[in-house]
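S.K.: Pasting a structure here, questions to come.
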Amino acid sequence: MSTTTLSRIERAAIDEIIKLLRQQQYTVVGPTVRGASIELGELRSTLDLPLGWTDEQMPARYRLVQLPVESLFAYTVSPHSWKRYLFPPILKLFSATKTGKGFDLKSGEDGAARSSIPSAGDAVPQYALFGVRSCDLHALAVHDKVFSGGTYGDEYYARARERTWVIAVNCTLAGGTCFCASMGTGPKASSGFDLALTEVITEEEHYFLVETGTDRGRSLLEAVRHRPAEAAEVARGEELTENASRQMGRSLDTENIQQILYQSADHPRWDVVAARCLTCANCTMVCPTCFCTTLEDVIDLGGTRAERLRKWDSCFTMDFSYIHGGSVRPSVRARYRHWLTHKLASWIDQFGSSGCVGCGRCITWCPVGIDITEEYRAIRESFVTKSATSSAKEANDGNA
Amino acid sequence: MASVPDIFVKPAPVAPHAMFPRMYVIQQVRKETADTFTLVLEDRSGGPKIKFAPGQFNMVYVFGVGEIPISISSDPASSVLVHTTRAVGTVTRVMAGLRRGDAVGIRGPFGTVWPVHEAHGHDIVIVAGGIGLAPLRSALYEVLSQREAFGKVVLLYGTRTPSDILFREELEQWRARFDLEVYVTVDRAQPGWRGNVGVVTTLIHKLPFDPQKTTAMICGPEIMMRFAALELQKRGVGPDSIYLSLERNMKCGIGLCGHCQFGPYFVCKDGPVFRYSRVKDLLVKREI
Amino acid sequence: METLERILGEHPFFQNLDEPYLQLVTGCASNVRFEPDACIFREGEEANQFYLIRQGRVALQILAPDRGPITVETLEEGDILGWSWLIPPYNWHFDARALELTRAIALDAKCLRRKCEEDHNLGYELLKRFGHIMEQRLSSTRLQLLDMYGVRS
């Protein structure tokens, strides 16, 4: 039985929430329609949300479809993930100026000509992430562990994260490629948010249930029109998220996953998927937890000013593992195997949890529709069969 | 109720300037062999003195050109920083052309260390191949500075040809000591060479050490390290007592960019020094 | 003779060889000594002995007309020198030269070959042991060929 108290608010209160956050100098970012997809962008009010849109996602397919109601949150995840705000695709780490035989380094722009590339030493923008799904909440927690949980942290991430507001949204329908239920990451947001909203649309009504997760979230709710939700309303909300859970067409069995993957380095399935994979790196770009970066040193023509940029990178590139005249993973097979093994298994050894949050983006945005759940299932099934056969054999030998 | 989302992990204290190079000035650039050179560096960053331990590496930055990981090969007790490397790529070729008074950027020290302290009471076997002698030089200096704490100390060094022998003068000094055995071999002889010819692994079976009480430290090309570890095991040295220094592509040096992954390990922070028992299964997997 | 038998018996190469065979082998053994730069055998010559090196260093060399003798491998105390005596047509493939004062036990190959033909068990025991040496030398030669310290192009 749920012991959290839910409130009920109307759409106008949501507009008010966005307005209040903007007044406090937060940049509110959330889902918005751009072209033929839902992307993440600045929100000035609920008018910027994908009103009445839903998404149809399948392997290698993404379409927006109009609904007959003006829903606010009737879709799931966009090709963008929230990592782009706390972990920008390009970040200037420092600029260096030649001084005699040495050089001077600085890490910020200090108010000088601002470029569109954020600088590590500058004040970070304050973001209010609006419309975060449970899978993406878990992705944020995964990044917290990656960027702040070790001996060395990402300083920019830590500063940005401290101020970030998180307004979550519970999914009331399952996306076509989602599998958060089997990954234990949704569809209901359980923690890690300031506020969590559930959109309820019936024949007669259209309202939102709100759960608060922090003191400041509670204060924000107090500042807008709200009332305690009735039992029937709460029940309806629960039914909707349970429905989303049931609708999920995919699952990934994580039992024993480390042992299985570590012992399957020579599995023939890797060759099968390698024949399809283009190593285009789409999956790593859309994945909310992928964090690999590269460093690029650039210098001006005069040779007096240099910069170091940190850019998103992907383990699917040939140079990723390049040393001394060769790549350690030249084959497609090895690179795909590395990505999947890292995401589902090594990540647990490195950071204490799976790297996959079941959002399904990699399945939707793979141009050839490779499905991570299918690839892993194929490996798992033959592994389990093989062990079953060998233990049966051992038992028989014991009886002989 | 929490004041920030409760799954937010409090950031670990960030080491100052982990991504920000400190300025060091070149005291000397020394050509060691045809393609190998040494930089002797002095800290001019004005910051607190940095201590490092043998086995660690720095990310060395050449202004505007790039940055590469180089193992530290200084004597830990000395006041200068020494890096020996091969000139094989853009950054190292520019580095080889630098002169006294030029500056480079240093980030570090990063990585795990040779188990010199843990090896107290043991015989020490150091097996170095090619440029692998550079990081082991630091370890040897540390061992020699506490010589009474160890039993026999043996250095085995193999390289391509006699003209590729690094640190020749130091090798001769070490060879002259009574408390250190030094064996040098080459893969390929040159006219006039009267020393040993053969891969470094062939000498392991005749080295004087007690396999039950030995700590072995190996550094060199990965193939050489694998075969050397096998030979040591044939002698009876346990895989827990053998340590290797591995190498992978590195960018950040602090476990955040993902490039140096080797199985589940980040070579920059779980290594570069690894206990052999931990990595021996990974070493034989293709393209891992 | 007695001392030779003990020395041979203690060497890893002859370990676990039955006592009567060890005596047989000892019967074909003698002590030899080579001065620095002395030639032990030459490419093409008949292979009538093999050696167990007890002290010193021996270089296995190939003569190249333009480069002089090239040392491909060196052997020292404890190593076995020479296996061509076992394999027809029983000729040396390399030169062997002592780099420093070298003492060794020489084993008369003609004598041993005859004894192996008479007693195949002895032949098998010796071939097994030499097979092991060849495998080790082949392995290390392959590693030498890799030129693993070189720069990959």
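Residue numbers (the working numbering), protein chains in the order written: chain A, 1 to 400; chain B, 401 to 688; chain C, 689 to 841. Ideal Cβ placement from N, Cα and C applies to all residues, glycine included. Bear in mind the structure is a predicted one, so any value in this text is a computation, not a measurement.
1) I want to verify the contact list: residues of chain B whose CB lies under 9 Å from the CB of valine 760 of chain C, in sequence order.
2) According to DSSP, what are the bridge partners of asparagine 458 of chain B?
3) I'd like to check one pair, methionine 625 of chain B with isoleucine 526 of chain B: are the Cβ atoms closer than 7 Å?
4) For the alpha helix (DSSP H) holding aspartate 796 of chain C, just list the boundary residues, first then last.
5) Would you mind working out which of A:Arg8, A:Val132, A:Gly108 sits nearest glycine 41 of chain A, comparing C-alpha positions?
6) Are the C-beta atoms of isoleucine 299 of chain A and some chain B residue less than 7 Å apart?
7) In the DSSP assignment, what are the bridge partners of isoleucine 323 of chain A?
8) Can you grab the Cα-Cα spacing for the pair threonine 76 of chain A / glycine 121 of chain A, in whole Å?
9) Please classify isoleucine 695 of chain C: does DSSP put it in a helix, a strand, or coil?
10) In chain C, what lies closer than 9 Å to glycine 497 of chain B by C-beta?
11) Are there 16 or more other CB atoms within 10 angstroms of the CB of isoleucine 728 of chain C, so buried, or fewer, so exposed?
12) Around the C-beta of alanine 400 of chain A, are 16 or more other C-beta atoms found within 10 angstroms, so that it is buried, or is it exposed?
13) Hey, quick one: how far does the alpha helix (DSSP H) through histidine 226 of chain A stretch, first residue to last?
14) Since tryptophan 165 of chain A sits in a beta bridge, which residues does DSSP pair it with?
15) Out of C:Thr714, C:Pro700, C:Leu815, point me to the one whose CA is closest to glycine 766 of chain C's CA.
16) Tell me, please, whether the region 499-511 of chain B touches the region 339-347 of chain A by the rule of three or more beta-carbon pairs shorter than 8 Å.
17) Could you tell me if aspartate 587 of chain B is buried or exposed, where buried requires 16 or more neighbouring beta carbons within 10 angstroms of its beta carbon?
18) Taking the beta carbon of histidine 820 of chain C as the centre, do at least 16 other beta carbons fall within 10 Å, making it buried, or is it exposed?
19) Report yes if the CB atom of methionine 836 of chain C is closer than 7 Å to the CB atom of proline 621 of chain B, and no otherwise.
20) I'd like to know whether the C-beta of glycine 358 of chain A is nearer than 7 Å to at least one C-beta of chain B.
21) Span of the beta strand (DSSP E) holding valine 679 of chain B?
22) Work out the CA separation of methionine 423 of chain B and serine 445 of chain B for me, nearest whole Å.
23) Report yes or no: do the region 528-548 of chain B and the region 560-576 of chain B share at least 3 C-beta pairs separated by less than 8 Å?
24) Does the beta carbon of methionine 836 of chain C sit closer than 7 Å to a beta carbon anywhere in chain B?
25) Under a CB-based cut-off of 7 Å, is glycine 811 of chain C close to chain B?
26) Compile a chain-ordered list of the residues in the region 506-530 of chain B whose CB is closer than 9 Å to at least one CB of chain C.
27) Leaving aside the five residues before and after methionine 401 of chain B along the sequence, list all residues of the same chain whose C-beta is less than 6 Å from its C-beta, in chain order.
28) Please list, in chain order, all residues of the same chain as serine 251 of chain A whose beta carbon is under 8 Å from its beta carbon, the five residues on each side excluded.
29) Count the other CB atoms, across all protein chains shown, that sit within 10 Å of the CB of glutamate 16 of chain A; report buried if there are 16 or more and exposed otherwise.
30) Mind listing which residues of the region 322-333 of chain A have their C-beta closer than 9 Å to chain B's C-betas, in chain order?
31) For phenylalanine 818 of chain C, collect the residues of the same chain with a Cβ closer than 7 Å to its Cβ; drop the 5 residues on either side in sequence, then sort them by chain order.
32) Go ahead and pull the three-state DSSP assignment for leucine 481 of chain B.
33) Run through DSSP, which three-state label would lysine 451 of chain B get?
34) Would you verify that the beta carbon of glutamine 711 of chain C is, or is not, closer than 7 Å to some beta carbon of chain B?
35) Please classify tyrosine 26 of chain A: does DSSP put it in a helix, a strand, or coil?
36) Check the Cβ of phenylalanine 291 of chain A against every Cβ in chain B and list those closer than 7 Å, keeping chain order.
M.R.: Taking the structure as given:
1) Your numbering for residue 760 of chain C matches position 72 in the third sequence. Those within 9 Å of valine 760 of chain C in chain B are Arg588, Ala589, Val597, Gly598.
2) The residue you call residue 458 of chain B lines up with position 58 of the second sequence. Partner(s): B:Ile470.
3) Counted from its first residue, the second sequence places residue 526 of chain B at position 126. Counted from its first residue, the second sequence places residue 625 of chain B at position 225. Cβ distance not < 7 Å, so isoleucine 526 of chain B and methionine 625 of chain B don't count as in contact.
4) To locate residue 796 of chain C, count along the third sequence from 1; it is residue 108. Per DSSP, aspartate 796 of chain C belongs to no alpha helix (DSSP H); it is in the beta strand (DSSP E), 790-796.
5) For this step, residue 41 of chain A is matched to residue 41 along the first sequence. When only C-alpha atoms are compared, the closest one is A:Val132.
6) Walking along the first sequence from the start, residue 299 of chain A turns up at place 299. Yes - at least one Cβ of chain B is within 7 Å of the one on isoleucine 299 of chain A.
7) Sequence index remark: in the first sequence, residue 323 of chain A carries index 323 (1-based). In the DSSP output, where bridge partners are listed per residue, isoleucine 323 of chain A has A:Gly326.
8) In the first sequence, residue 76 of chain A corresponds to position 76, counting from 1. In the first sequence, residue 121 of chain A corresponds to position 121, counting from 1. Between threonine 76 of chain A and glycine 121 of chain A, the C-alpha separation is close to 35 Å.
9) Stepping through the third sequence from its first residue, residue 695 of chain C is reached at position 7. Helix at isoleucine 695 of chain C.
10) For the purposes of this step, residue 497 of chain B is identified with residue 97 of the second sequence, where counting begins at 1. Within chain C, no residue comes near glycine 497 of chain B; the closest Cβ sits about 18 Å away, beyond 9 Å.
11) On the third sequence, residue 728 of chain C is found 40 positions in, with the first residue counted as 1. Classification for isoleucine 728 of chain C: buried.
12) Within the first sequence, numbered from 1, the residue matching residue 400 of chain A stands at position 400. Low confidence applies to alanine 400 of chain A: its pLDDT is 44, below 50, so where it sits in the model is not reliable enough to give any reading.
13) Here residue 226 of chain A refers to the residue found at position 226 of the first sequence. Per DSSP, histidine 226 of chain A belongs to no alpha helix (DSSP H) and is neither H nor E.
14) The count along the first sequence starts at 1 and reaches residue 165 of chain A at position 165. Looking at the DSSP assignment, tryptophan 165 of chain A forms a beta bridge with A:Ala128.
15) By one-based count along the third sequence, residue 766 of chain C stands at place 78. With distances taken between Cα atoms, glycine 766 of chain C lies closest to C:Pro700.
16) no
17) Here residue 587 of chain B corresponds to residue number 187 of the second sequence, with the count starting at 1. Burial call: buried.
18) Your numbering for residue 820 of chain C matches position 132 in the third sequence. Classification for histidine 820 of chain C: exposed.
19) In the third sequence, the residue the question calls residue 836 of chain C occupies position 148. In the second sequence, the residue the question calls residue 621 of chain B occupies position 221. In contact: methionine 836 of chain C and proline 621 of chain B (Cβ atoms closer than 7 Å).
20) Here residue 358 of chain A is taken as the residue at index 358 of the first sequence, counted from 1. So, not an interface residue.
21) Reading the second sequence from its first residue, position 279 is the one you call residue 679 of chain B. Premise fails: valine 679 of chain B lies in the alpha helix (DSSP H), 676-683, not in any beta strand (DSSP E).
22) One-based indexing of the second sequence puts residue 445 of chain B at position 45. One-based indexing of the second sequence puts residue 423 of chain B at position 23. Taking the straight line from one Cα to the other gives about 5 Å.
23) yes
24) Taking the third sequence and counting its residues from 1, one reaches residue 836 of chain C at position 148. With 7 Å as the cut-off, methionine 836 of chain C counts as an interface residue toward chain B.
25) Along the third sequence, one-based indexing puts residue 811 of chain C at 123. Glycine 811 of chain C does not count as touching chain B.
26) Gly529, Gly530
27) Counting from 1 along the second sequence, the entry for residue 401 of chain B is found at position 1. At methionine 401 of chain B the pLDDT is 43, less than 50, meaning the model places this residue with poor confidence and gives no usable figure here.
28) Residue numbering aside, residue 251 of chain A sits at position 251 when the first sequence is read from its first letter. Cβ neighbours of serine 251 of chain A beyond the five flanking positions: Phe179, Ala181, Ser182, Thr373.
29) Sequence index remark: in the first sequence, residue 16 of chain A carries index 16 (1-based). The residue is buried, with at least 16 neighbouring Cβ atoms inside 10 Å.
30) Tyr322, Ile323, His324, Gly325, Ser327, Val328, Arg329, Pro330, Ser331, Arg333
31) Here residue 818 of chain C refers to the residue found at position 130 when the third sequence is read from its first residue. Around phenylalanine 818 of chain C: Trp771, Leu774.
32) Start at 1 with the first residue of the second sequence, and residue 481 of chain B comes out as number 81. Leucine 481 of chain B: strand per DSSP, three-state reduction.
33) Here the question's residue 451 of chain B lines up with position 51 in the second sequence. Coil, per DSSP.
34) Counting from 1 along the third sequence, the entry for residue 711 of chain C is found at position 23. Not an interface residue.
35) Within the first sequence, residue 26 of chain A is the residue found at index 26, counting from 1. Note: tyrosine 26 of chain A maps to coil in three-state DSSP.
36) Along the first sequence, read from residue 1 onward, the residue named residue 291 of chain A stands at position 291. Ordered by position in chain B, the residues that pass the 7 Å Cβ test against phenylalanine 291 of chain A are Gly658.
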